[in-house]
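Protein sequences appear in the order of chains A and B. Straight run, no breaks: the first sequence in this note's numbering ends on number 520. Straight run, no breaks: the second sequence in this note's numbering ends on number 520. The beta-carbon is built from N, C-alpha and C at its ideal position, and this holds for glycine as well. Following: one structure in structure tokens, then a few remarks.
Protein chains: 2
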Amino acid sequence: MKVLIVEDENSIREVEAAYLSHSGFEVVEAVDGKEALNTFAHHKFDLVILDINLPEINGITVCKKIRETSNIPIIMVTARAEDIDELVGFECGADDYIKKPFTPSILVARVTAVLKRISGAKLENEYLAIDPEKMNIKVKQGDESKVVEVTTTEFNILYTLMKNPGKVFTRYEIIDRAYDNSLDADILERTVDVHIKNLRKKLNILKNLPEFVITVIGKGYKFNDNL
Amino acid sequence: MKVLIVEDENSIREVEAAYLSHSGFEVVEAVDGKEALNTFAHHKFDLVILDINLPEINGITVCKKIRETSNIPIIMVTARAEDIDELVGFECGADDYIKKPFTPSILVARVTAVLKRISGAKLENEYLAIDPEKMNIKVKQGDESKVVEVTTTEFNILYTLMKNPGKVFTRYEIIDRAYDNSLDADILERTVDVHIKNLRKKLNILKNLPEFVITVIGKGYKFNDNL
DNA sequence: CTCTTTCTTCATTGGATTTTCATAATAGAG
DNA sequence: CTCTATTATGAAAATCCAATGAAGAAAGAG
């Protein structure tokens with residue numbers, strides 16, 4: 294789990310970084326909005342901790358910018374109560390906020406809470422609703438809808454793809470993410486093809502459904518991102 | 294146990310929060326209806342304390358909104374006697390109400406009372422009625438009905454699953470929730486299978502009953518959620 | 001203490017799932 | 001268009017996992 298901390302005050306940032314990396318997170322720091330956006334564009338993070346009062350570009354703007362390209366979990370941090378009010382609607386797209394001053398343990402707690410919440414979240418679009426808690430998949434078309442039974446592996450694969458619509462996953466990446474014990478998963482990459490085939494067959498239970506899983510020849514598979 | 298406090302007056306909210314968190318609850322605060330709904334959508338709470346007089350969206354509306362998606366226990370708070378009258382029918386779906394002014398200890402007492410009441414509540418659907426107080430299970434089909442005797446462990450397992458229909462519980466989670474002393478419960482996960490088997494056999498005493506406990510291969514068990 | 005009930009473990013069986021494989025279909029390069 | 005590389009597919013094989021019956025252990029009643 295890789296976290297980006299954006300905070301201009303050195304002392305605070307360093308404490309945050311220390312606690313998070315002590316808790317097992319990989320941490321990258323940025324001191325202002327510009328650096329934050331730059332770093333964000335060049336690394337792959339799992340979560341962003343974003344102070345609101347930043348020099349030059351403020352935190353809310355940074356948040357909105359990030360949201361233009363990513364659904365990454367964002368936790369906003371501020372000392373000013375008024376900021377909180379403004380944030381309340383999460384209009385900028387943040388997932389949580391923390392009021393300063395806070396203890397490092399609170400920070401860690403919030404981060405893990407947000408990550409947990411996001412990781413087990415329902416995913417839904419016009420045609421598909423998939424719920425990890427119930428481990429079921431609902432296929433929708435107009436006013437019709439059917440619940441599809443899929444196996445654990447099939448579910449994991451679909452969930453993996455659907456978490457990043459449009460992103461192409463190699464077969465290796467799919468195996469890596471969709472299997473619990475990805476270490477000793479010495480499985481032929483062609484096996485993924487079979488699961489995808491079975492998934493497609495199971496999902497295709499209503500008329501006029503779009504193509505959910507798209508083949509990218511020579512690369513792998515991706516989830517259709519214009520639904 | 295995680296509680297959401299919705300109250301616009303800072304002094305009151307802070308006192309409430311202080312007492313509840315002192316009593317071992319995890320507390321999240323919201324200052325108005327908008328923030329409340331937003332926070333509610335992003336966190337998983339066990340109970341909501343909701344002031345009626347809120348700026349912009351009032352408490353009753355918030356309550357109704359929450360009820361659209363959740364059965365979470367809600368305690369309404371108000372100073373105006375007229376509100377109480379209106380609330381009496383619990384038209385908005387609240388579980389209890391408190392008249393201002395109140396002592397913090399009353400608040401804590403009500404919260405624990407509501408949680409206890411809810412936690413020990415009867416669960417019922419078309420085919421099954423289970424009563425924790427009497428610790429019995431009634432199986433129904435059309436005009437027939439029979440009471441089934443089950444053991445404590447079997448009862449706890451069924452109750453655990455039935456409190457969250459559709460949610461998949463791992464065997465470990467089932468052991469954790471259905472055993473009093475979950476700490477020293479060093480029990481093989483396969484033991485759960487045997488209890489489930491015995492439960493199924495006992496519950497299956499009438500013709501044409503649906504499947505109550507559903508196996509989710511590779512994960513665990515869930516209670517059938519479309520009954 | 002003895003008997004009964006309940007709980008847990010275990011070995012086996014059978015069914016579901018996953019994987020592999022062989023072949024057909026398709027896409028893309030040249 | 002042809003050839004090659006890649007994916008789709010059906011079916012067999014292997015593996016995994018849950019269901020089950022039985023037996024031993026623990027708990028509880030009398």
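Using a Cβ cut-off of 8 Å (strictly closer), state whether residue i contacts chain B.
{"i": "V381 of chain A", "result": "In this prediction, V381 of chain A has a pLDDT of 48, which is less than 50 and means its spatial position is unreliable; what the coordinates show is noted afterwards. Taking Cβ atoms only, chain B reaches closer than 8 Å to V381 of chain A, which makes this a yes."}
{"i": "D518 of chain A", "result": "no"}
{"i": "D389 of chain A", "result": "yes"}
{"i": "T445 of chain A", "result": "yes"}
Whose C-beta lies closer than 8 Å to the C-beta of residue i among residues of the same chain, with five residues either side of it excluded?
{"i": "E447 of chain B", "result": "H488, N491, L492, K495"}
{"i": "I498 of chain B", "result": "V432, K439, V441"}
{"i": "I345 of chain A", "result": "N351, G352, I353, M369, V370, T371, R373, D376, L380"}
{"i": "S314 of chain A", "result": "V320"}
{"i": "S304 of chain A", "result": "none"}
{"i": "M294 of chain A", "result": "G317, F318, E319, D339, L340, L408"}
{"i": "E361 of chain A", "result": "none"}
So that I know if they touch, is there some Cβ in chain A lying closer than 8 Å to that of residue i?
{"i": "V509 of chain B", "result": "yes"}
{"i": "V265 of chain B", "result": "Outside the displayed range of chain B (294 to 520) lies residue 265 of chain B, so it cannot be described from this structure."}
{"i": "V461 of chain B", "result": "yes"}
{"i": "H315 of chain B", "result": "no"}
Which of the three DSSP states, helix, strand or coil, is assigned to residue i?
{"i": "T396 of chain B", "result": "coil"}
{"i": "K295 of chain B", "result": "strand"}
{"i": "Y514 of chain B", "result": "strand"}
{"i": "L313 of chain A", "result": "helix"}
{"i": "Y452 of chain B", "result": "helix"}
{"i": "L421 of chain A", "result": "strand"}
{"i": "E302 of chain A", "result": "coil"}
{"i": "L416 of chain B", "result": "strand"}
{"i": "T444 of chain B", "result": "coil"}
{"i": "K337 of chain B", "result": "coil"}
{"i": "N429 of chain A", "result": "strand"}
{"i": "K460 of chain A", "result": "coil"}
{"i": "D344 of chain B", "result": "strand"}
{"i": "D325 of chain A", "result": "coil"}
{"i": "Y472 of chain B", "result": "coil"}
{"i": "D486 of chain B", "result": "helix"}
{"i": "G382 of chain A", "result": "Summary for G382 of chain A: the model assigns pLDDT 42, below 50, so the residue's position carries little reliability, and this model does not support an answer."}
{"i": "I365 of chain A", "result": "coil"}
{"i": "E253 of chain A", "result": "Chain A is shown only over 294 to 520; residue 253 of chain A falls outside these bounds and no answer can be derived."}
{"i": "E466 of chain A", "result": "helix"}
{"i": "E349 of chain A", "result": "coil"}
{"i": "I498 of chain B", "result": "coil"}
{"i": "E307 of chain A", "result": "helix"}
{"i": "I480 of chain B", "result": "coil"}
With a threshold of 6 Å on Cβ separation, who are the neighbours of residue i within its own chain once the five nearest residues in sequence on each side are excluded?
{"i": "L347 of chain B", "result": "D301, D325, G326"}
{"i": "K431 of chain A", "result": "A422, S438, V440"}
{"i": "K415 of chain B", "result": "D424"}
{"i": "A329 of chain B", "result": "V299, A323, V355"}
{"i": "T445 of chain B", "result": "none"}
In its own chain, which residues sit with a C-beta less than 7 Å from the C-beta of residue i, not counting the 5 before and 5 after it?
{"i": "L280 of chain B", "result": "Outside the displayed span of chain B (294 to 520) sits residue 280 of chain B, for which this structure offers no information."}
{"i": "L454 of chain B", "result": "F462, V506, Y514, K515, F516"}
{"i": "G382 of chain B", "result": "Residue confidence is low: G382 of chain B scores 49 on pLDDT, short of 50, so the model does not pin down where it sits. No coordinate-derived value is stated."}
{"i": "T508 of chain B", "result": "Y514"}
{"i": "E349 of chain B", "result": "D325, G326, K327"}
{"i": "K358 of chain A", "result": "L330"}
{"i": "D518 of chain A", "result": "P458, G459"}
{"i": "M428 of chain A", "result": "F448"}
{"i": "K393 of chain A", "result": "V370, T371, A372"}
{"i": "Y465 of chain B", "result": "E482"}
Relative to the ligand MN, is the shortest distance from any of its heavy atoms to the C-beta of residue i smaller than 7 Å?
{"i": "D469 of chain B", "result": "Inclusion of the ligand MN in the displayed structure is not the case, the ligand content being empty and no account of it being possible."}
ask   = Three or more beta-carbon pairs under 8 Å between the stretch 334-354 of chain B and the stretch 394-412 of chain B, yes or no?
value = Here the stretch 334-354 of chain B makes contact with the stretch 394-412 of chain B; the two share three or more CB pairs at distances below 8 Å.
Review point. Using Cβ-Cβ distances below 9 Å, what residues of the stretch 418-434 of chain A are close to chain B?
Key: Correct list: D424, P425, E426, K427, M428, N429.
ask   = At a cut of 8 Å, does the stretch 498-518 of chain A reach the stretch 307-320 of chain B through at least three beta carbon pairs?
value = Touching, no.
Against chain A: residues of the stretch 487-511 of chain B by CB proximity under 9 Å: Within the stretch 487-511 of chain B, the residues whose Cβ lies closer than 9 Å to some Cβ of chain A are V509, I510, G511, listed in chain order.
request  = Decide yes or no for the touch test of the stretch 383-394 of chain B against the stretch 459-474 of chain B: beta carbon pairs closer than 8 Å, at least 3 of them.
outcome  = No, the stretch 383-394 of chain B is not in contact with the stretch 459-474 of chain B.
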